[in-house]
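Residue numbers (my numbering), protein chains in the order written: chain Z, 369 to 787; chain Y, 378 to 848.
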């Protein structure tokens, strides 16, 4: 059984679109292109036309369907909550099933197989470690997101020598009366930002929780979903469910919004691919643990930097917007300021950035005005993908601002107090 | 001229990237908020007035139907290419060209989204009042074509009251200028007013000069629950008689309340059969007094409860009730006939009673809400067209609704326009000589009938239902 619904199974939801146009106000792609095919309403018409046999999966249709960040903004603002992100994913799978993977979908295989492409990567070596892809497994979503062509113009964080699983054991003891907490790390935290993963584990330990970090977990499948690779998504979901199946954890934490969106959202679309424990975002978890009062009680630092927050789409659309802000406001070492357009998509959008690099940058640059006006020197977020993109936007604009994960700041507040 | 030659000429004008005849682009420009579909032959995105002029000239020479399109969010079919031809998309022409804080005017291109202009002028302490429900996505070009209204029109008037001048490409392809930058201007005919509300049938607007106001310092929102719709309707008249013009005066009838109640918990007293949402704006210190005065005036009219929002959050909670109506309507029945009749303010109680009688007569649910302050009622006949004989029943009900509206001195459309949806009803309101005068104007400006043909005036329109839309 396939994990995802087919386009036909979305027929009833397609009919729910009343073509009102409200999605135009919220679609980051439409705001750039001004073209009906970019926005949810146009894509719904195309999807319905495919089902009615009025259009083939031709090149122009494929291009329009590729113009979606799957950010879900249109879904939350739709009067009838038509799930356009899931419908686009279903249409992309249909295109892939019919015509094979796109060049980007094939990017990974090509990278290791083609000397020309490898040369391309090496030409861009000033910007990234050419060893990056040797360290990251082929099944990782990072491979799908950052094709070598795309990497040439992107600034990346320095690649750590040791990934998360080399730094931490699979199981960490805690107090015997506390339930075991599972941690789904995801590719970006594992390979690019292992310090974020470590911070999460240390915080859990400070609360006395035993932590389970199964080594056989893999990519969440969000980039596979985004590139229409149904079988890969299927495989990854099955593997991740199996990785946690015998761990007896009370819940599974994520510190990556996209992973949360996959595990808590897209996996659950069909029965049979559901975790039997809750998938909990780290911000929501920490708030529930009462850490906000603890942080508020810490003595304020004399010199405080100004921090703002960027809403990752996959937290915002799940309604997780207040917990991260409350956490940041409580921090003793920082002064929180809300920025304009905090909820605008950063423009990364899974494989979108690889397929449409210029558009991705243009969408990202819309963050700059609000960010600069805020006067913040730090921008926190709850998604490594957003952090990567934000830092790239900031660097290209030459601003003295650092993009960080909320967890790093919370960890700093607690450890520097202890230390 | 063969199609590919026309395509090439269009590409020469706007560039190859801005012309498409692919089936995907034709499909994504085949609809508007009426949910009907008609395929255009060619989709063109224009970037300048000169391009618009050259495209229209070509269309006129070749007798190709052409129509402008902004957000495509109209409710009456104004942007449906019912005769095929060229859809000319104006979303690239989305620049705010000037905001003049000394003369209080803004000059914009037609593709500017209304809400974006409002944000821009409000940053400078100025105000563009017209606020159609679609303001976050509908464009000023579209607002002008339909003469859009909105809740604030009670106090501030509609789009036409803010348009000082226009650049328009006529159906012959000529660029004309109407009005100007000044409040006063009586040189020649008032062509500005002719084009506002002309539904894209007389020309394509390429530049707009708008009048602005100083932004009111503050506003205050109130919700008042009534035991009867009569009480609410009388309250509207009483407030106006009391020499207070609120910014907005929105109402919901019992059927609208029931409808929202089914969708979400609603904090309203039992027995509440009508709600008024009243907003006043102006100097901060004057608002409390105004709000108190309004409540005093309406107290004897069966008020069950009244609430004054003290914070923006409380105000938002009140507006949420109003905004929840539309999305909840479909719980009643799948098919919606959304009309926007308008009657003189004093006739609102009569109209509501008539609507209740019509609802009973044809046993179809009719949900009413809207802008009580200016007599503009959104009448939603909710039916299931799959039921046998329903199509006929709806037409009879709509006929009765429009006849009653006109008999009460009202109009069949307050702010949505006629398009294709109401073309067959305008004969109830316009006598033959009036209609002939309008058609003479159309004919004089557009002798070849290329500019958004088949709209406003009744003619045989084959309204095919879209094959691609599952019902």
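All C-beta atoms, glycine included, are put in the ideal place defined by N, C-alpha and C.
Short CB-CB distance (under 8 Å) between residue i and chain Y
i: residue 780 (chain Z); result: no
i: residue 386 (chain Z); result: yes
i: residue 447 (chain Z); result: yes
i: residue 423 (chain Z); result: yes
i: residue 417 (chain Z); result: yes
i: residue 804 (chain Z); result: Residue 804 (chain Z) lies beyond the stretch modelled for chain Z, which goes from 369 to 787, so this question has no answer here.
i: residue 456 (chain Z); result: no
i: residue 327 (chain Z); result: Not covered by the structure: residue 327 (chain Z). The range shown for chain Z is 369 to 787.
i: residue 726 (chain Z); result: no
i: residue 413 (chain Z); result: yes
i: residue 462 (chain Z); result: no
i: residue 467 (chain Z); result: no
i: residue 708 (chain Z); result: no
Residue-chain proximity (residue i, chain Z), Cβ-Cβ < 8 Å
i: residue 714 (chain Y); result: no
i: residue 449 (chain Y); result: yes
i: residue 380 (chain Y); result: no
i: residue 585 (chain Y); result: no
i: residue 405 (chain Y); result: yes
i: residue 410 (chain Y); result: yes
i: residue 765 (chain Y); result: no
i: residue 544 (chain Y); result: no
i: residue 469 (chain Y); result: yes
i: residue 459 (chain Y); result: no
i: residue 511 (chain Y); result: yes
i: residue 401 (chain Y); result: yes
i: residue 396 (chain Y); result: no
i: residue 746 (chain Y); result: no
i: residue 514 (chain Y); result: yes
One or two residues paired with residue i in a DSSP bridge
i: residue 408 (chain Y); result: Y:414
i: residue 755 (chain Y); result: Y:717, Y:746
i: residue 622 (chain Z); result: Z:552, Z:649
i: residue 596 (chain Y); result: Y:658
i: residue 556 (chain Y); result: Y:542
i: residue 793 (chain Y); result: Paired residue(s): none; residue 793 (chain Y) is not in a bridge.
i: residue 635 (chain Y); result: Answer is none; residue 635 (chain Y) lacks a bridge partner.
i: residue 625 (chain Y); result: Y:656
i: residue 587 (chain Y); result: Y:483, Y:540
i: residue 779 (chain Y); result: DSSP lists no partner for residue 779 (chain Y).
i: residue 516 (chain Y); result: Y:490
Exposure of residue i, with buried meaning 16 or more beta-carbon neighbours within 10 Å
i: residue 476 (chain Y); result: buried
i: residue 499 (chain Z); result: Only weak support exists for where residue 499 (chain Z) lies, its pLDDT of 44 falling under 50; the value from the coordinates is given anyway. That one is exposed.
i: residue 456 (chain Y); result: buried
i: residue 378 (chain Z); result: buried
i: residue 358 (chain Y); result: Here chain Y comprises residues numbered 378 to 848, so residue 358 (chain Y) is not present and cannot be evaluated.
i: residue 539 (chain Z); result: exposed
i: residue 595 (chain Z); result: buried
i: residue 758 (chain Z); result: buried
i: residue 532 (chain Y); result: buried
i: residue 435 (chain Z); result: buried
i: residue 392 (chain Y); result: exposed
i: residue 579 (chain Z); result: buried
i: residue 664 (chain Z); result: exposed
i: residue 547 (chain Z); result: exposed
i: residue 372 (chain Z); result: buried
i: residue 530 (chain Z); result: exposed
Quiz prompt | Residue ranges of each beta strand (DSSP E) within the segment 535-616 of chain Z, 3 or longer | solution = 549-552
Quiz item: For the segment 625-691 of chain Z, which segments carrying the alpha helix (DSSP H) assignment without a break, of at least 4 residues, lie completely within its bounds, in sequence order?
Solution: 625-628, 650-656, 659-665, 681-684
Quiz item: Are three or more beta carbon pairs between the segment 582-593 of chain Z and the segment 607-615 of chain Z nearer than 8 Å?
Solution: yes
Practice problem: Pair every Cβ in the segment 564-580 of chain Y with every Cβ in the segment 627-644 of chain Y, then say whether three or more of these pairs are closer than 8 Å. | Solution: no
Exercise. Would you check if the segment 671-678 of chain Z and the segment 383-398 of chain Y touch, i.e. whether three or more CB-CB distances between them fall below 8 Å?
Key: no
Quiz prompt | Residue ranges of each alpha helix (DSSP H) within the segment 391-420 of chain Z, 4 or longer | solution = Correct list: 396-401, 408-420.
Self-check item: At least three beta-carbon pairs within less than 8 Å, the segment 510-528 of chain Y to the segment 480-498 of chain Y
Solution: yes
Quiz item: Just checking, does the segment 515-526 of chain Y make contact with the segment 605-622 of chain Y on the three C-beta pairs under 8 Å criterion?
Solution: no
Practice problem: Give, in chain order, every unbroken run of the beta strand (DSSP E) that is at least 3 residues long and sits entirely within the segment 676-728 of chain Y. | Solution: Unbroken beta strand (DSSP E) stretches of 3 residues or longer found wholly inside the segment 676-728 of chain Y: 680-685, 712-719, given in chain order.
Quiz item: Can you list, in chain order, the residues of the segment 693-708 of chain Y whose Cβ is nearer than 8 Å to any Cβ on chain B?
Solution: The chain labelled as chain B is not found among the protein chains of the depicted structure, namely Z and Y.
Quiz prompt | Cβ contact check for the segment 665-682 of chain Y and the segment 737-749 of chain Y: 3 or more pairs under 8 Å | solution = no
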